[in-house]
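Enquirer:
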Amino acid sequence: MNERGYSAIGLIRPKTPANIGAVLRAAHVYGASMVAVQGERCQIKSAQDTTKAWRHMPVLRGADLFDMIPYGAEPVSVDLVDGARSLPDFVHPHAAFYIFGPEDGTLGRQILDRCRYRVMVPTKFCMNLAATVNVVLYDRMAKTLTGTRRVAE
109 MNERGYSAIG LIRPKTPANI GAVLRAAHVY GASMVAVQGE RCQIKSAQDT
159 TKAWRHMPVL RGADLFDMIP YGAEPVSVDL VDGARSLPDF VHPHAAFYIF
209 GPEDGTLGRQ ILDRCRYRVM VPTKFCMNLA ATVNVVLYDR MAKTLTGTRR
259 VAE
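Counting in the numbering used here, the sequence shown runs from 109 upward without gaps.
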């Protein structure tokens, strides 16, 4: 299937360089267009990024993640919060900017209020940051390949 659109990843204060490296690898593997990182804990190079994704896609760093959202992309918060739609039921926007928080915290009201969509992976406990990125990007890809992804309303 050859649909238009793209995905991009935003990280708020990722906890460790290993998390960032594994997220970069996932973004590269699933064809994300870019990764943006907000926060002081931001070392890009990591052994977990075995594909050296930072050589193949833009990796942005800044003080406000919302200043790095690609034009036309819909911000989608990914967090275990009340009111978030379960990932299996979520319709991914064609142009999505998925925002993930740190493993040792949550996105918080200030970020959540700025996102049109909220989604969560229905698990018993919170997941590792990179594992969550993998699951969300896989879900997007699988729904695209099966033709079940359409423009979100």
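Beta carbons: idealized from backbone N, C-alpha and C, even for Gly.
If we count Cβ pairs, one from each stretch, closer than 8 Å, do we get three or more for the segment 238 to 246 versus the segment 116 to 136?
Expert: Output reads yes: the segment 116 to 136 touches the segment 238 to 246.
Enquirer: With V227 and V184 assumed to form a contact (beta carbons below 8 Å), what rounded beta-carbon distance in angstroms separates them?
Expert: In the sequence shown, the residue the question calls residue 227 occupies position 119. In the sequence shown, the residue the question calls residue 184 occupies position 76. About 6 Å separates the two Cβ atoms, so the contact holds.
Enquirer: In whole angstroms, give me the CA-to-CA distance for M142 and P230.
Expert: Position 34 of the sequence shown, counted from the first residue, corresponds to residue 142. Position 122 of the sequence shown, counted from the first residue, corresponds to residue 230. Whole-angstrom Cα-Cα distance: 26 Å.
Enquirer: Nearest-angstrom Cα distance between A192 and R112?
Expert: Residue 192 sits at position 84 when you count from the first residue of the sequence shown. Residue 112 sits at position 4 when you count from the first residue of the sequence shown. Taking the straight line from one Cα to the other gives about 26 Å.
Enquirer: Pick helix, strand or coil for L168, following the three-state DSSP scheme.
Expert: Taking the sequence shown and counting its residues from 1, the one referred to as residue 168 is at position 60. Residue state, collapsed to three classes: strand.
Enquirer: Mind checking which residues open and close the beta strand (DSSP E) that includes L215?
Expert: Numbered from its first residue, the sequence shown carries residue 215 at position 107. L215 -> no beta strand (DSSP E), and no H or E assigned at all.
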